[in-house]
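Below is one structure, written out as structure tokens; comments come after it.
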Amino acid sequence: MNQTARRIGRSLALVLPVVLVLSGTLAVSSVPWAGQHRSDQLLTASAENVSVPAAKDTPRAPQDVLRDRLVGELERTDPGVALTALQRAVEASPSTLAPHCMSIARALGAAAVRVYGPTKAQSYSRPVCDTSFAGGVAAAS
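So this note's numbering is basically just the index in the sequence shown, starting at one, shifted up by 5.
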């Protein structure tokens, strides 16, 4: 009887943490963090926020080139591919791009909301650049 109880106890000690972690992960991933997608949301333009195109002689900063390239990648494929590319670019050139990683990830989050809606955009969230992608999704929602 004593050995049977020990065997059951050991089995529970091994299985229970795995079950708790998996159920917690599934519970968190199924929460609609960004709220409901509103199809009646309109984009408005303001004359004060109009960007001026850069002069042809002015070289663009590497982080601006990377941001534009990744937003285009996000629109062509999905935010996961863009986030992976951002992570690899920062790892390849940390001294140049690491200070701008959070702002680029926030811009990708905002672009993902425009393209996919807040709920689907949030589903692509992962801890790249201190979870700034999720912050960009939340700010754009």
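Built from N, CA and C at the ideal position, the CB exists for glycine as well. All values derive from a computational prediction rather than experimental measurement.
Asked, Found
"Within the same chain, show all residues whose beta-carbon is closer than 7 angstroms to that of V142, passing over the 5 residues directly before and after it, in chain order.", "A39, G114, A117, V118, P123, A126, Q127 and S130"
"Only counting the same chain, and skipping five residues up and downstream in sequence, which positions put a Cβ closer than 7 angstroms to that of Q46?", "Summary for Q46: the model assigns pLDDT 43, below 50, so the residue's position carries little reliability; its value from the coordinates is reported in the next sentence. None."
"How many angstroms separate the CA atom of H87 from the CA atom of L79?", "Residue identity check: residue 87 is Ala in the sequence provided, not His. Straight-line Cα distance between these residues: approximately 5 angstroms."
"Alpha carbon to alpha carbon, how far is V70 from A97?", "15 angstroms"
"Tell me the rounded alpha-carbon separation between T82 and T136.", "20 angstroms"
"According to DSSP, is R131 helix, strand or coil?", "coil"
"DSSP three-state label for R65, please.", "coil"
"Please name the residue in R111, P132, Y121 and L21 whose C-alpha comes closest to that of G140.", "R111"
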